[in-house]
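**Student:** Protein chains in written order, with my numbering: chain A, 793 to 943; chain B, 793 to 943; chain C, 793 to 943. Backbone N, C-alpha and C define an ideal beta-carbon position, used for all residues, glycine too.
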Amino acid sequence: MVDLSAERLRALEDHEEIRNLIASYGPLADSGDAAAVAALWTEDGVYAVDGFPEACGRAAIAALIEGPVHRDLMARGCAHVLGVPVVALQGDRATAQCHSVVLAKGNKGWEPVRVAANRWELVRTAQGWRVTRRDNALLDGREEARALLAR
Amino acid sequence: MVDLSAERLRALEDHEEIRNLIASYGPLADSGDAAAVAALWTEDGVYAVDGFPEACGRAAIAALIEGPVHRDLMARGCAHVLGVPVVALQGDRATAQCHSVVLAKGNKGWEPVRVAANRWELVRTAQGWRVTRRDNALLDGREEARALLAR
Amino acid sequence: MVDLSAERLRALEDHEEIRNLIASYGPLADSGDAAAVAALWTEDGVYAVDGFPEACGRAAIAALIEGPVHRDLMARGCAHVLGVPVVALQGDRATAQCHSVVLAKGNKGWEPVRVAANRWELVRTAQGWRVTRRDNALLDGREEARALLAR
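Listed below in structure tokens is the structure:
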């Protein structure tokens, strides 16, 4: 007999862990913790962020947080706010979709400097859920960004 | 003996499913999937969105997504960002409350063009949780909008 | 034998309850329910909100919601939008971290008038989870705010 309760319990824990993983991105990025941001991904994970070369692997992802664009945002004051993710579990794999809004402080207060669509691919590892790929595209009218949010 | 664990497990699953349902609205709306947006509601569900005639039934809800106001927002680039919902379960019924922020791209970048209060009424159906009514009111100082967020 | 399922079920319920508690802040604040906002904290809970004297105890926290700054925001139209919290449970204690964005209506539409980092300390009480301390600091480039989001 399959213990359905155990499967249901694990599915709930998976949802909770994945939501927590994605929610961690903003606070870790805004506190400048490049190593912790990179560790959200697998060793060979990919972060394809609109306007930057595709970052492949943890060193490249950490470099985005250590780089001049992100450091300038932090010096101005910034918030990388991610929306509530829509998560679809498939066993040891999962996908998630959400908006992201980067607010940065300027002379006249905070402004949304990036508003983007995000699609995440995740995998269960021995150390817990990790991101294998995150695609990010600015919602500026292009079909490419809308496609990341499609079911 | 009532199996309390089973009830607790189901309540957690209900919370997860309702959160996912509400979180789906933004990505589905911003990808222009009118049929999928409408299917978040029951067949005779109501979406009372501030500034528009009350949409009753899935065809009317889909028409909002297919309509000129929404299509113009999509062409400019837009994000319908919903806040974390506060969910109250009552058996096969539930209510939820959250903010919604619509960011749209203009000549000078993205701007919050709508900031609203939302109250959702939901029902458990044979196909899962569905929205029976969503009330939306702009937070522009009117008591009507604040009332949607009251306990 | 320890019933691991019971512990896992309770941990999931704790996460759900804490997320709901934090998500309640915005709707309760924006509907002007000072008593309900204060009741999210323990009797002697602290709300250290950037730019205001530290509020110690429920009466002081309620006074922030009843005070002229918050009442003016409500009259203009405002949304206190909190991000998805990153929650860390340690038995009967927990911490959570999230962004908060206050949008207020002005002559030219809504603007983000406060963008802040938040760190919450929570405790399990006989009445459920309550906040013992919330630290809030504006993300305006100061290290103090970034530190609230650090792991």
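Let me see if you follow: with CB-CB separation under 8 Å, is residue 936 of chain C close to chain A or not?
**Tutor:** Working through the third sequence from its first residue, we reach residue 936 of chain C at position 144. Not one chain A Cβ lies under 8 Å of residue 936 of chain C.
**Student:** Using only the alpha-carbon positions, how far apart do residue 909 of chain C and residue 918 of chain A sit?
**Tutor:** Taking the first residue of the third sequence as position 1, residue 909 of chain C is located at position 117. Taking the first residue of the first sequence as position 1, residue 918 of chain A is located at position 126. Spanning the two alpha carbons is a distance of roughly 32 Å.
**Student:** Run through the stretch 909-933 of chain C for me and flag every whole alpha helix (DSSP H) of 4 or more residues, listed as ranges in chain order.
**Tutor:** Complete alpha helix (DSSP H) runs here, min 4: none at all.
**Student:** Tell me, please, whether the stretch 887-896 of chain B touches the stretch 871-881 of chain C by the rule of three or more beta-carbon pairs shorter than 8 Å.
**Tutor:** A contact exists between the stretch 887-896 of chain B and the stretch 871-881 of chain C.
**Student:** Apart from the five residues on each side of it in sequence, which residues of its chain come closer than 8 Å, Cβ to Cβ, to residue 887 of chain B?
**Tutor:** Sequence index remark: in the second sequence, residue 887 of chain B carries index 95 (1-based). Hits under 8 Å: 879, 880, 911, 912, 913, 914.
**Student:** Strictly below 7 Å CB to CB, what residues from chain C border residue 873 of chain A?
**Tutor:** Taking the first residue of the first sequence as position 1, residue 873 of chain A is located at position 81. Those are 875, 891, 893, listed as they occur along chain C.
**Student:** Using the beta-carbon of each residue, which ones in chain B are nearer than 7 Å to residue 933 of chain A?
**Tutor:** As a working mapping, residue 933 of chain A is identified with position 141 in the first sequence. Within chain B, the residues near residue 933 of chain A are 867, 868, 869, 897.
**Student:** Mark residue 928 of chain C as exposed unless 16 or more other C-beta atoms lie within 10 angstroms of its C-beta, in which case mark it buried.
**Tutor:** Locating residue 928 of chain C in the third sequence gives position 136, counting from the first residue. Buried.
**Student:** Residue 793 of chain B: buried (16+ other C-beta within 10 angstroms of its C-beta) or exposed?
**Tutor:** If you number the second sequence from 1, residue 793 of chain B lands on position 1. Confidence at residue 793 of chain B is low in this model, with a pLDDT of 47, below 50, so the placement of that residue is unreliable and no value is reported for it.
**Student:** Considering only residues of the same chain and omitting the five flanking positions on each side of residue 834 of chain B, which have a CB-CB separation below 6 Å?
**Tutor:** Reading the second sequence from its first residue, position 42 is the one you call residue 834 of chain B. Answer for residue 834 of chain B: 922, 924, listed in chain order.
**Student:** Go to residue 896 of chain A, then tell me how far its alpha helix (DSSP H) extends in each direction, as first and last residue.
**Tutor:** Numbered from 1 along the first sequence, position 104 holds the residue referred to as residue 896 of chain A. Per DSSP, residue 896 of chain A belongs to no alpha helix (DSSP H); it is in the beta strand (DSSP E), 885-898.
**Student:** In the DSSP assignment, what residue or residues form a beta bridge with residue 904 of chain C?
**Tutor:** For the purposes of this step, residue 904 of chain C is taken as the residue at position 112 of the third sequence. Bridge partners of residue 904 of chain C: C:895.
**Student:** On the DSSP letters alone, give me the boundaries of the beta strand (DSSP E) that residue 831 of chain B sits inside.
**Tutor:** Sequence index remark: in the second sequence, residue 831 of chain B carries index 39 (1-based). From DSSP, residue 831 of chain B is part of no beta strand (DSSP E); its letter is neither H nor E.
**Student:** For the stretch 812-825 of chain C, enumerate the residues whose C-beta is nearer than 8 Å to any C-beta of chain B, in chain order.
**Tutor:** Those would be 812, 814, 815, 816, 818, 819, 820, 822, 823, 824, 825, in chain order.
**Student:** Verify whether the separation of the beta carbon atoms of residue 818 of chain A and residue 836 of chain A is less than 8 Å.
**Tutor:** In the first sequence, the residue the question calls residue 818 of chain A occupies position 26. In the first sequence, the residue the question calls residue 836 of chain A occupies position 44. Going by C-beta atoms, residue 818 of chain A is not nearer than 8 Å to residue 836 of chain A.
**Student:** Comparing the C-beta of residue 943 of chain B with each C-beta of chain C, is any distance below 8 Å?
**Tutor:** Taking the first residue of the second sequence as 1, we reach residue 943 of chain B at position 151. Yes, contact with chain C.
**Student:** Just checking: is the beta-carbon of residue 904 of chain C within a distance shorter than 8 Å of some beta-carbon in chain A?
**Tutor:** Counted from its first residue, the third sequence places residue 904 of chain C at position 112. Closer than 8 Å to some Cβ of chain A, the Cβ of residue 904 of chain C qualifies, so yes.
**Student:** Using a Cβ cut-off of 9 Å, which residues of the stretch 837-860 of chain B contact any Cβ in chain C, in chain order?
**Tutor:** Answer in chain order: no residues at all.
**Student:** Of all the options A:858, A:847, A:798, A:930, which has the alpha carbon lying nearest to the alpha carbon of residue 827 of chain A?
**Tutor:** Working through the first sequence from its first residue, we reach residue 827 of chain A at position 35. Of A:858, A:847, A:798, A:930, the residue nearest in Cα terms is A:858.
**Student:** Measuring alpha carbon to alpha carbon, tell me which residue in B:807, B:847, B:853, B:840 is nearest residue 829 of chain B.
**Tutor:** Position 37 of the second sequence, counted from the start, is the residue given in the question as residue 829 of chain B. The shortest Cα separation from residue 829 of chain B among B:807, B:847, B:853, B:840 belongs to B:853.
**Student:** Going by other Cβ atoms of all chains shown within 10 Å of its Cβ, with 16 needed for buried, is residue 821 of chain A buried or exposed?
**Tutor:** Sequence index remark: in the first sequence, residue 821 of chain A carries index 29 (1-based). Looking at its Cβ environment, which holds 16 or more other Cβ atoms inside 10 Å, residue 821 of chain A is buried.
**Student:** Under 8 Å between beta-carbons, which chain B residues line up against residue 800 of chain A? List them in chain order, please.
**Tutor:** Here residue 800 of chain A refers to the residue found at position 8 of the first sequence. Per Cβ cutoff of 8 Å: 801, 805.
**Student:** For chain A, check one thing: does any of its Cβ atoms lie closer than 8 Å to the Cβ of residue 828 of chain B?
**Tutor:** In the second sequence, residue 828 of chain B corresponds to position 36, counting from 1. Judged by the 8 Å Cβ criterion, residue 828 of chain B is in contact with chain A.
**Student:** What does DSSP give as the partner residues of residue 840 of chain C in its beta bridges?
**Tutor:** As a working mapping, residue 840 of chain C is identified with position 48 in the third sequence. Its beta-bridge partners are C:927.
**Student:** I think residue 860 of chain B touches residue 902 of chain C, with their Cβ atoms under 8 Å apart; what is that distance to the nearest whole Å?
**Tutor:** What you label residue 860 of chain B is simply residue 68 of the second sequence in a count that begins at 1. What you label residue 902 of chain C is simply residue 110 of the third sequence in a count that begins at 1. Residue 860 of chain B to residue 902 of chain C, Cβ: 23 Å. No contact.
**Student:** Could you work out which residue in A:907, A:899, A:900 is closest to residue 898 of chain B when comparing CA atoms only?
**Tutor:** In the second sequence, residue 898 of chain B corresponds to position 106, counting from 1. When each option's Cα is compared against that of residue 898 of chain B, the closest is A:907.
**Student:** In three-state DSSP terms, what is residue 847 of chain C?
**Tutor:** One-based indexing of the third sequence puts residue 847 of chain C at position 55. If DSSP states are grouped into helix, strand and coil, residue 847 of chain C belongs with the strands.
**Student:** Within this structure, are the beta carbons of residue 809 of chain B and residue 920 of chain B separated by less than 8 Å?
**Tutor:** Along the second sequence, read from residue 1 onward, the residue named residue 809 of chain B stands at position 17. Along the second sequence, read from residue 1 onward, the residue named residue 920 of chain B stands at position 128. In this structure, residue 920 of chain B lies closer than 8 Å to residue 809 of chain B by Cβ.
**Student:** Going by DSSP in three states, residue 878 of chain A sits in which element: helix, strand or coil?
**Tutor:** The residue you call residue 878 of chain A lines up with position 86 of the first sequence. Residue state, collapsed to three classes: strand.
**Student:** Could you check if residue 804 of chain C is buried or exposed, using at least 16 other CB atoms within 10 Å of its CB as the buried criterion?
**Tutor:** Numbered from 1 along the third sequence, position 12 holds the residue referred to as residue 804 of chain C. Looking at its Cβ environment, which holds 16 or more other Cβ atoms inside 10 Å, residue 804 of chain C is buried.
**Student:** Residue 832 of chain B and residue 801 of chain B look like a contact to me (Cβ under 8 Å); what is the Cβ gap, rounded to whole Å?
**Tutor:** Along the second sequence, read from residue 1 onward, the residue named residue 832 of chain B stands at position 40. Along the second sequence, read from residue 1 onward, the residue named residue 801 of chain B stands at position 9. In fact, because the Cβ distance is near 24 Å, the residues do not count as touching under 8 Å.
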